[in-house]
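What follows is one structure encoded as structure tokens, with my remarks underneath.
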Amino acid sequence: MSVHVSTLEERIRLQRTDGSPLATQEYFVNMGPQHPSTHGVLRLVLRLDGETVREVIPVLGYIHRGIEKMGERLGYRQFVHLSDRLDYLSALSNNWAISMAVEKAAKIELNDRIQVIRTIVAELQRIQSHQLWWGVFGMDLGAFTPFLYGFRDREIITDIFEETMGSRLTMNYIQPGGLMFDIHPNFVKRTKDFLTYFKPKLVEYETLLSENVIMQERLRGVGKVDAEAAVSLGCTGPVLRASGVAHDLRKLEPYGVYDKVQFDVAIGRTGDCWDRYWVRLEEMRQSMAIIEQLIDNIPEGKHMVMKPAAKIKLPEGSTYTHLETARGILGVYIVSDGSEEPYRIHLRTPNFNNLWMITEAAKNWRLGDLVAVLSSLDIVVPDIDR
Amino acid sequence: MNTWEVTTLAERSAEALSSSFWGAAGYLGLAMLGMAGFVAVLGMVLIYAERKVAGHFQCRLGPMRVGWHGTLQTVADTVKLLLKEDIVPYQADKMLHILAPLLMFIGTILVLLVLPFSPIVQVADVNIGVVYITAVSGFSVLGILLGGWSSNNKWSLIGAMRAGAQIISYEVSATLALLVVVLFSGSLQLSEIVRSQAEGWWIWRAHGVGIVAFLIFFIASTAEINRTPFDMPEGESELTAGFHTEYSGLRFAFFFLAEFINMFLVAALTSTLFLGGWMPFHIGGFENFNALMDLIPAGLWFTGKTAFLVFVLMWFRWSFPRLRVDQLMRLEWKILLPIGLVNLFVAAVVVLYGLYFFPVR
Amino acid sequence: MDTLRLLGAITALEPRAKQKENTDRAAVEVPVDAFYSLMGRLKSDPQLAFDMLYTHTAVDWSAKGEGPGEFELVYQLYSMTHGHYLLVSARIPRDNPVAPTVSPIWKIAEWQEREVYDMFGVLYENHRDLRRLFLEDGWNGFPLRKDYKDEFMLERPE
Numbered sequence: 000m001s002v003h004v005s006t007l008e009e010r011i012r013l014q015r016t017d018g019s020p021l022a023t024q025e026y027f028v029n030m031g032p033q034h035p036s037t038h039g040v041l042r043l044v045l046r047l048d049g050e051t052v053r054e055v056i057p058v059l060g061y062i063h064r065g066i067e068k069m070g071e072r073l074g075y076r077q078f079v080h081l082s083d084r085l086d087y088l089s090a091l092s093n094n095w096a097i098s099m100a101v102e103k104a105a106k107i108e109l110n111d112r113i114q115v116i117r118t119i120v121a122e123l124q125r126i127q128s129h130q131l132w133w134g135v136f137g138m139d140l141g142a143f144t145p146f147l148y149g150f151r152d153r154e155i156i157t158d159i160f161e162e163t164m165g166s167r168l169t170m171n172y173i174q175p176g177g178l179m180f181d182i183h184p185n186f187v188k189r190t191k192d193f194l195t196y197f198k199p200k201l202v203e204y205e206t207l208l209s210e211n212v213i214m215q216e217r218l219r220g221v222g223k224v225d226a227e228a229a230v231s232l233g234c235t236g237p238v239l240r241a242s243g244v245a246h247d248l249r250k251l252e253p254y255g256v257y258d259k260v261q262f263d264v265a266i267g268r269t270g271d272c273w274d275r276y277w278v279r280l281e282e283m284r285q286s287m288a289i290i291e292q293l294i295d296n297i298p299e300g301k302h303m304v305m306k307p308a309a310k311i312k313l314p315e316g317s318t319y320t321h322l323e324t325a326r327g328i329l330g331v332y333i334v335s336d337g338s339e340e341p342y343r344i345h346l347r348t349p350n351f352n353n354l355w356m357i358t359e360a361a362k363n364w365r366l367g368d369l370v371a372v373l374s375s376l377d378i379v380v381p382d383i384d385r
Numbered sequence: 000m001n002t003w004e005v006t007t008l009a010e011r012s013a014e015a016l017s018s019s020f021w022g023a024a025g026y027l028g029l030a031m032l033g034m035a036g037f038v039a040v041l042g043m044v045l046i047y048a049e050r051k052v053a054g055h056f057q058c059r060l061g062p063m064r065v066g067w068h069g070t071l072q073t074v075a076d077t078v079k080l081l082l083k084e085d086i087v088p089y090q091a092d093k094m095l096h097i098l099a100p101l102l103m104f105i106g107t108i109l110v111l112l113v114l115p116f117s118p119i120v121q122v123a124d125v126n127i128g129v130v131y132i133t134a135v136s137g138f139s140v141l142g143i144l145l146g147g148w149s150s151n152n153k154w155s156l157i158g159a160m161r162a163g164a165q166i167i168s169y170e171v172s173a174t175l176a177l178l179v180v181v182l183f184s185g186s187l188q189l190s191e192i193v194r195s196q197a198e199g200w201w202i203w204r205a206h207g208v209g210i211v212a213f214l215i216f217f218i219a220s221t222a223e224i225n226r227t228p229f230d231m232p233e234g235e236s237e238l239t240a241g242f243h244t245e246y247s248g249l250r251f252a253f254f255f256l257a258e259f260i261n262m263f264l265v266a267a268l269t270s271t272l273f274l275g276g277w278m279p280f281h282i283g284g285f286e287n288f289n290a291l292m293d294l295i296p297a298g299l300w301f302t303g304k305t306a307f308l309v310f311v312l313m314w315f316r317w318s319f320p321r322l323r324v325d326q327l328m329r330l331e332w333k334i335l336l337p338i339g340l341v342n343l344f345v346a347a348v349v350v351l352y353g354l355y356f357f358p359v360r
Numbered sequence: 000m001d002t003l004r005l006l007g008a009i010t011a012l013e014p015r016a017k018q019k020e021n022t023d024r025a026a027v028e029v030p031v032d033a034f035y036s037l038m039g040r041l042k043s044d045p046q047l048a049f050d051m052l053y054t055h056t057a058v059d060w061s062a063k064g065e066g067p068g069e070f071e072l073v074y075q076l077y078s079m080t081h082g083h084y085l086l087v088s089a090r091i092p093r094d095n096p097v098a099p100t101v102s103p104i105w106k107i108a109e110w111q112e113r114e115v116y117d118m119f120g121v122l123y124e125n126h127r128d129l130r131r132l133f134l135e136d137g138w139n140g141f142p143l144r145k146d147y148k149d150e151f152m153l154e155r156p157e
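Protein chains in written order, with numbering that gives the first Met the number 0: chain A, 0 to 385; chain B, 0 to 360; chain C, 0 to 157.
Structure follows, in structure tokens:
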């Protein structure tokens, strides 16, 4: 019994043979790796009937770097810096995922200061990631101004990060056993200033895009995915919550200090683009609420409970640990044979699992809707390809 | 009261023809040179204005380095575009590919020729001016469709098809709104329409019908020139650049320039028809006020009104997201067209039966 | 459901499922011929209701031990309604890596399996569209196998 392995040409060729006498001619278009709205090097082969999208075939691999293979030759602390490069817009959450996996397996105990600071920077990272998403979302739909508003506000957080961590994008800050550096003395003040600055700006965001009737017309009812389909398609994060599934790891399996703060989780109703948009805006507000509760009471302590050069060995066996990044659930599955390097490390990335929703959600919508759905999924392509 | 004497370049060159051939030729040569220079300078000014306006809307400054506050930026960009390699895509229809931007440009220039910039600055005053404009502005459809088709690129074709559908649909609404002004002013000739606004501009003197017609005309014209929120044909985030994806260098400059001059044209037409063109702001019956307004030269009135409307068009572009194609068509056929028709009917009733509060003619 | 009851329920469903050692959460190991029916029941049984397939991957055990070695296919399941986890693993021989597809049960498996095929060479029967995901269609070799070599790789000096 042999299994047939096909190719892309076969996939594209096969579909052309359908057509009744009254059908219009369908055609294949390549929304290629270089495209203003694929957010990275994602290639989508579209089968179009006029303006209507009949099928979406994502073609991946343009930024496949073999991170999982590299992981088999690196120590755990070295692997953390690779995790930055996955979904670089929530780099700190990625770092935290690896660190949490290692700490859980090696049974490393952390102190409160580390947990609180990790929570604060992860929430700042969430706000920052959503700001960029909001700007790019407006730009994809034709409103060019939100892009600059989002980036302008994002720069403030980036500057805060740069002062503490030394880097603007791939921070490599949260390490197994603690943090790379202690927070800068200005960190608390600057974060509080940011919160005061950004609250009215969020209202401005709403006025600029959310209350715009063109925006609402383009988003409401478009690309609906119901709860069951979303779960079966492996969606997590805001995409899943927009479809009405109340699943947020920060509430269900609290890590960091999420169990000690009060915040709400935004759940959508219909799973259309509007719900995905609104859920993320609401998440920004809730993140600000979390930071507000924590920023004034950071406990004292050391920022690293292990010696930085200590070698980490995980016991033999496998672990699966996950947490909620800005885009969904990042899971780390480590198979260790007792040595310093993992035998196999696999990353369950949120964007890989969210992407395939587009094959269902964009069917029989128009080209403009495809762009809206793709943008509302908020994918970052290096996370898909690893 | 001021009686405006209108003379056009065409009239003057006809006069000159009766006395000497070279005089007429001189006038025509002057017209061509002037038009070319005007279009070039206008294009540069508008592009610079767009970039500055865009910058300030986006909390940044726009071009600042080339020249004082970036004023020479467009010059630099034009030089760059002229020096670029002229590419015709492989297996594209070469003749059509070269022809398309020219066609679009022709449509633009032909409309520019009949615009009344001031009582003494107008190239030709066609006595069916409004009909001529509606007819000739169809050249841009040809240019876009040919550009998209000849590029041998599916994305360009999608953009061109969208543009074709969009422009010919919105021409209907624009024409219906135009007809309201024609009804009120009683003439198709543009200079006559401007002169008829001596007692006040049609936008408010036409009793509400004028305001509705103004809005419809402005919206429909924004759609005609493919500006956001109606810029689906060149939907940057979907089609990369739509029908002009495969153009580079001088021919791209033509498309680009044509778009900006079109924007100027729409603003100029709207201000001519609804805001009085070069006619100062008069209120019928207030002679001293009118005389005061007359002190500002007519050319300046026209420039000011057009500049304001150009700014509004730019404001649209940098604030709104874009409509989807079917929403665009729905806006035209199900919303603007019925309103336009009803508006025209009401305007006809008002004019015919004299149902107005203050004299309209 | 806690781990003990979960394992009990699963062994009741499929007697050949054994508990897997050295894992952090509930894990079972199933022989590959009993595999597909168990997966179906794991999703449809209302007490278990594993409706989310978080991840599916494979581990190449050929670097440990002699012989051609085995692939271990790993499925991490989760139940939205009950909130419990389960790791299902199945071992297949490396020189004939064939396994049934679970994409009729969880749609996301279609692409997770394509990734495993791309990286390891595991062939899935009845898969709708089995082809490479990240690498080009004509690529030779399967990168995540332990004995993979190509001319671009940098060897670490021992």
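Using N, Cα and C, we set each Cβ at its ideal position, and we do this for glycine too. Just so it is clear, the structure is predicted and the values come from calculations on it, not from any experiment.
Legend: CB atoms of the stretch 318-344 of chain B lying less than 9 Å from CB atoms of chain A belong to residues 318, 319, 320, 321, 322, 323, 324, 325, 326. The continuous beta strand (DSSP E) containing residue 323 of chain A extends over residues 316-323. Residue-level contact check: residue 381 of chain A does not touch chain C, since none of the beta carbons of chain C fall below 9 Å from its beta carbon.
When the five nearest sequence neighbours on each side are left out, the beta carbons in the same chain lying within less than 8 Å of the beta carbon of residue 186 of chain A are those of 159, 162, 163, in order along the chain. Here residue 17 of chain B carries a helix assignment [DSSP, helix/strand/coil]. Judged by beta-carbon spacing, residue 52 of chain C lies beyond the 9 Å limit of residue 8 of chain C, meaning their Cβ atoms are not closer than that value. No Cβ of chain C is located within less than 9 Å of the beta carbon of residue 324 of chain A. Distance from the CA atom of residue 77 of chain C to the CA atom of residue 144 of chain B, rounded to whole angstroms, is 54 Å. Residue 114 of chain A and residue 203 of chain A have their C-alpha atoms spaced approximately 33 Å apart. For residue 53 of chain B, the nearest CB of chain A lies under 9 Å from its own CB, placing it at the interface with that chain. Measuring C-alpha to C-alpha distances from residue 56 of chain A to each of C:50, C:96, C:101, C:132 identifies C:132 as the nearest.
Judged by DSSP in its simplified three-state form, residue 141 of chain C adopts coil rather than helix or strand. According to the DSSP assignment, residue 145 of chain B belongs to the alpha helix (DSSP H) that extends over 138-149.
Neighbourhood of residue 228 of chain B in chain A, by CB distance below 8 Å: 141, 213, in chain order. Three or more pairs of CB atoms, one per stretch, sit closer than 8 Å, so the stretch 296-308 of chain A contacts the stretch 167-176 of chain A. For residue 299 of chain A, same chain residues with a beta-carbon under 8 Å away, outside a window of 5 residues either side, are 112 in chain order.
The three-state secondary structure of residue 17 of chain C, taken from DSSP, is strand.
For residue 51 of chain A, the three-state secondary structure derived from DSSP is strand.
When Cβ-Cβ separations below 9 Å define contact, residue 367 of chain A makes contact with chain B. Residues of the stretch 148-166 of chain A with a C-beta atom less than 9 Å from some C-beta of chain B are 148, 151, listed in chain order.
Separation of the CB atoms of residue 312 of chain B and residue 262 of chain B is rounded to 6 Å, and the pair is thereby assigned contact status at 8 Å.
Residue 56 of chain B reaches chain A at 144, counting residues in chain order whose Cβ is nearer than 7 Å. Runs of the alpha helix (DSSP H) spanning 4 or more residues and lying entirely within the stretch 215-283 of chain B occur at 235-238, 248-273, in chain order.
Taking the beta carbon of residue 28 of chain A as reference, the chain B residues within 9 Å of it are 153, 154, 157, listed in sequence order. A check of alpha carbon separations from residue 342 of chain A across A:4, A:67, A:32, A:96 identifies A:67 as the nearest. Secondary structure note for residue 75 of chain C: its beta strand (DSSP E) is the uninterrupted segment 69-77.
Between the alpha carbons of residue 273 of chain A and residue 159 of chain B lies a distance of about 29 Å. Taking C-alpha positions only, residue 54 of chain C is separated from residue 345 of chain A by approximately 9 Å. With fewer than 16 other beta carbons inside 10 angstroms of its own, residue 55 of chain B counts as exposed.
Between the alpha carbons of residue 81 of chain A and residue 74 of chain A lies a distance of about 11 Å. Against residue 137 of chain A, the close residues of chain B are 320, in the order they occur along the chain (beta-carbon pairs closer than 9 Å). When the alpha-carbon of residue 52 of chain A is set against those of A:59, A:29, A:64, the nearest one is in A:29. Per the DSSP secondary-structure output, residue 54 of chain C pairs in a beta bridge with C:75. Under the Cβ distance rule, residue 50 of chain C counts among the residues neighbouring chain A, one pair being separated by less than 9 Å. In the structure shown, residue 59 of chain C adopts extended strand secondary structure according to DSSP, grouped into three states. Residue pairing by DSSP places residue 303 of chain A opposite A:177 in a beta bridge.
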